[in-house]
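So the structure is just underneath, and the comments pick up after that.
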Amino acid sequence: MEALTTGQYLIVSLANKLPVGRALREDRSLNPKKIITLPRDEESPRWVIEKDWQEGAYKISIRGGTAIELNGLLFAGLIPDLPNNTWKIESQPQHGKSTYTISLAGDGYGKGWVVPGNVDEEGTQLAVRPLIVQPSYPPRYPPFELFEITRLGDDDY
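Structure below.
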């Protein structure tokens with residue numbers, strides 16, 4: 081299993097090869113900002129993934145907002161210490177190199193990041209839903225629940 085270390089990363093949906101992140105145009109309020117699939121021709125946004133050594137989980141943030149689950153959807157919360165902001169990132173090498181599922185840490189229902197609906201549509205907000213896993217060894221996940229997470233080198237910061 082390939083554990084991630086603290087650093088900057090790109091996150092791309094395996095289902096459609098679209099980067100995920102915050103929209104370039106957003107209101108200026110402190111309301112949570114949607115995490116969506118972005119256009120292919122847009123530069124992939126940099127995510128910061130921080131290992132939480134005490135809980136064995138991660139904080140994931142983008143442009144100053146921490147990834148949070150709110151009413152079954154994925155947002156970037158701009159206010160510190162909002163609930164549902166700690167994630168478990170698990171390598172799924174059976175689906176390819178640098179492929180992961182991202183699920184809520186401490187959630188007994190296995191809810192994780194999902195690209196819902198028409199996965200090829202840009203601008204789709206990511207959901208946080210129970211992950212579907214095929215009963216096999218190793219477990220198999222549908223592509224809309226999988227993400228390529230690629231670490232940026234020190235020169236890319």
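Take any residue in the sequence shown, count from 1 to its spot, add 80: that is its number in our numbering.
Ideal Cβ placement from N, Cα and C applies to all residues, glycine included.
Residues GLN88 of the same chain have their beta carbon placed closer than 6 Å to that of ARG126, with the five preceding and five following residues left out of the count. The region 218-228 and the region 114-130 do not touch, with fewer than three beta-carbon pairs separated by less than 8 Å.
Under the three-state reduction of DSSP, PRO99 is assigned to strand.
Under the three-state reduction of DSSP, GLN174 is assigned to helix. Between the region 143-160 and the region 168-179, the count of Cβ pairs shorter than 8 Å is below three; the stretches do not touch. With a threshold of 16 other beta carbon atoms within 10 Å, GLU149 meets it and is buried. Burial state of ASN111 is exposed, judged by a 10 Å Cβ sphere holding fewer than 16 other Cβ atoms. Taking a C-beta distance under 8 Å as the contact criterion, LYS191 and ASN165 do not qualify as a contact pair. Residue ASP187 holds the alpha-carbon nearest to the alpha-carbon of ALA137 among GLY203, ASP187, LEU118. For LEU154, the enclosing beta strand (DSSP E) covers residues 153-157.
Boundaries of the beta strand (DSSP E) harbouring GLY87: 87-93, taken from the DSSP string.
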